[in-house]
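Q:
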Amino acid sequence: MLNWDDPTATFSNTLAADNNKIPGNVEQTEPTLNVEKQLKETQAPQIILDAKKPVRADDKRVINGKTDINQLAPFKYPWAWEFWLNANRNHWTPLDINMSKDVHDYQHRLTLEEKHVYENVLSYLTTSDIM
Numbered sequence: 001m002l003n004w005d006d007p008t009a010t011f012s013n014t015l016a017a018d019n020n021k022i023p024g025n026v027e028q029t030e031p032t033l034n035v036e037k038q039l040k041e042t043q044a045p046q047i048i049l050d051a052k053k054p055v056r057a058d059d060k061r062v063i064n065g066k067t068d069i070n071q072l073a074p075f076k077y078p079w080a081w082e083f084w085l086n087a088n089r090n091h092w093t094p095l096d097i098n099m100s101k102d103v104h105d106y107q108h109r110l111t112l113e114e115k116h117v118y119e120n121v122l123s124y125l126t127t128s129d130i131m
């Protein structure tokens with residue numbers, strides 16, 4: 001059986017098995033099957049048990065050690081806070097600019113062909129922003 005605490009043990013056992021290997025010998029392949037079977041039996045329940053454990057927010061502290069895992073601001077360091085504020089000034093959001101006239105124009109003034117072009121260009125640009 002493999003010992004995960006000693007990574008060289010598996011390597012040395014593999015080398016010894018390769019040196020003793022005789023072509024066509026069935027007895028050499030059976031222990032390998034048994035080892036694989038034992039690994040599946042011993043490791044699978046451990047993975048399932050780990051997945052059932054609840055996530056503790058205390059284990060995922062992000063900034064300033066608060067338990068909210070999605071907390072981004074305020075930052076611990078003043079220079080990081082200034083950098084974040086400057087980065088936010090580099091773009092606008094729909095909350096910053098009134099888009100109601102644009103929505104009205106899209107719904108009532110554009111033809112079906114214009115809407116099709118607009119949607120395709122918008123989807124292309126949105127996808128390219130992600131890359």
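Okay, so the sequence shown: first residue is 1 according to the UniProt record's numbering, each after it adds one.
All residues carry an ideal CB built from backbone N, CA and C; glycine is no exception.
(1) So, under 8 Å CB-CB, Leu110 and Tyr118 are touching, yes? Tell me the CB distance rounded to an integer number of Å.
(2) Could you tell me the boundaries of the alpha helix (DSSP H) in which Leu95 lies?
(3) Around the Cβ of Ile130, are there at least 16 other Cβ atoms within 10 angstroms (buried) or fewer (exposed)?
(4) Could you tell me the distance, in whole angstroms, from the CA atom of Tyr77 to the CA atom of Ser123?
(5) Please work out which residues of its chain come closer than 8 Å, Cβ to Cβ, to Leu49, disregarding the five sequence neighbours upstream and downstream, and give them in chain order.
(6) Could you give the residue range of the alpha helix (DSSP H) that holds Leu125?
(7) Counting along the chain, where does the alpha helix (DSSP H) carrying Asn88 start and finish?
A: Taking the definition as stated:
(1) Going by Cβ atoms, the distance from Leu110 to Tyr118 rounds to 7 Å, so yes, they are a contact pair.
(2) From DSSP, Leu95 is part of no alpha helix (DSSP H); its letter is neither H nor E.
(3) It counts as exposed.
(4) Computed Cα separation, rounded: 37 Å.
(5) Residue confidence is low: Leu49 scores 49 on pLDDT, short of 50, so the model does not pin down where it sits. Its coordinate-derived value is still stated next. If the five residues before and after Leu49 are omitted, its C-beta is found closer than 8 Å to no C-beta atom of its own chain.
(6) For Leu125, the enclosing alpha helix (DSSP H) has its first and last residue at 112 to 130.
(7) Per DSSP, Asn88 belongs to the alpha helix (DSSP H) from 78 to 88.
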